[in-house]
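Remarks on the structure that follows.
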DNA sequence: GACCTATATCGATGGTTGTCAATATTGACT
DNA sequence: AGTCAATATTGACAACCATCGATATAGGTC
């Protein structure tokens, strides 16, 4: 499933509270919010963000959350599809990094006035 | 179901990206995000926010969204439980108003550094 | 009280989603 | 080629959720 990346979804629009949203604006924003509205995914973002270079290896993400490796992989895919993180493979390892500004664009949409 | 209001859920904490979150912090934040991660609820917030005094009657909320009245009522309850809006009844009508600062507290948690 | 209007609650239903176990893929190393 | 380690994908299942129709509640008016 391809998903409108956050940055594009947010580049165009007035804040949530300025004007009544259209249905498709609401759909896009809801998709972005759904992508981060999960405890496991929030913790993944949080760990990645706190890591050096805002980048972390999957091997460092599996233990702290107490869920299986396939589930971690699934959550990382959701975050990637939504445009919050990017994946780069180096050797056998996969590194996930925050997309700079992605969370901020989203946050800006929620601020009132 | 009682839910930790956004304001309280966010009053205490460092931004999402400063430090690794605990499980319960992630649970709370995810609940707040889930509450607004729905197109119908985003449009409700949006319409309320764009109204005079950031307050709107349910009667003005049912038509624009093209969903049934019980569904609108359900979404408003979710938003109320999560602390984004408050309900006040005047006569036969129910008015929902934005909780000042609720969305902003949430947004602040998402901003990086 | 009887009736109407506005809103809330209940029960059911179809669709989505988080999780897991099992398996596949990919890359490194001998 | 063969093996091992890291990660991704698949298929299944239970839990959750958005929506609806039907009904209940509450306030106003006659």
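Chains as they are written, first to last, in our numbering: chain A, 1148 to 1260; chain B, 1148 to 1260. We put the CB at the ideal spot given by N, CA and C, even for glycine.
Practice task
Tell me, please, which residues DSSP counts as bridged to residue 1237(A).
Solution key: Per DSSP, 1240(A).
Problem - CB contact flag (residue 1213(A), residue 1244(A), <9 Å) - result: The Cβ atoms of residue 1213(A) and residue 1244(A) do not sit closer than 9 Å to each other.
Practice task
Flag this pair as touching only if the segment 1163–1178 of chain A and the segment 1216–1225 of chain A have three or more C-beta atom pairs under 8 Å; answer yes or no.
Solution key: Counting Cβ pairs under 8 Å, fewer than three are found: no touch.
Practice task
Rank 1179(B), 1186(B) and 1182(B) by C-alpha distance to the C-alpha of residue 1178(A) and give the top, closest one.
Solution key: Comparing C-alpha distances from residue 1178(A) to each of 1179(B), 1186(B) and 1182(B) shows the shortest one belongs to 1186(B).
Problem - Neighbourhood of residue 1200(A) by C-beta distance below 8 Å, restricted to the same chain and skipping five residues each side - result: Taking C-beta separations shorter than 8 Å and ignoring five residues to either side along the sequence, the partners of residue 1200(A) in its chain run 1244, following chain order.
Exercise for the section: Tell me whether residue 1148(B) is buried or exposed, calling it buried when 16 or more other Cβ atoms sit within 10 Å of its Cβ. Expected result: With a pLDDT of only 46 at residue 1148(B), under the threshold of 50, the placement of this residue in the model should not be trusted, and no figure is reported.
Exercise for the section: With 9 Å as the threshold, decide whether the Cβ of residue 1255(B) is near any Cβ in chain A. Expected result: For residue 1255(B), the answer is yes, since a Cβ of chain A falls inside 9 Å of its Cβ.
Handout entry: Simplified DSSP assignment, three categories, for residue 1180(A)
Key = Residue state, collapsed to three classes: helix.
Handout entry: Where residue 1232(B) sits in the DSSP three-state scheme
Key = Residue 1232(B) sits in a strand when the DSSP states are folded into three classes.
Handout entry: Contact under 9 Å by Cβ, residue 1258(B) with residue 1251(A)
Key = Taking a C-beta distance under 9 Å as the contact criterion, residue 1258(B) and residue 1251(A) qualify as a contact pair.
Problem - Exposure of residue 1237(A), with buried meaning 16 or more beta-carbon neighbours within 10 Å - result: Classification for residue 1237(A): exposed.
Handout entry: Contact under 9 Å by Cβ, residue 1189(A) with residue 1176(B)
Key = Remark: C-beta atoms of residue 1189(A) and residue 1176(B) approach each other more closely than 9 Å.
Practice task
Could you name the residues of the same chain whose beta carbon sits closer than 8 Å to that of residue 1196(A), not counting the 5 residues immediately before and after it, in chain order?
Solution key: Hits under 8 Å: 1245.
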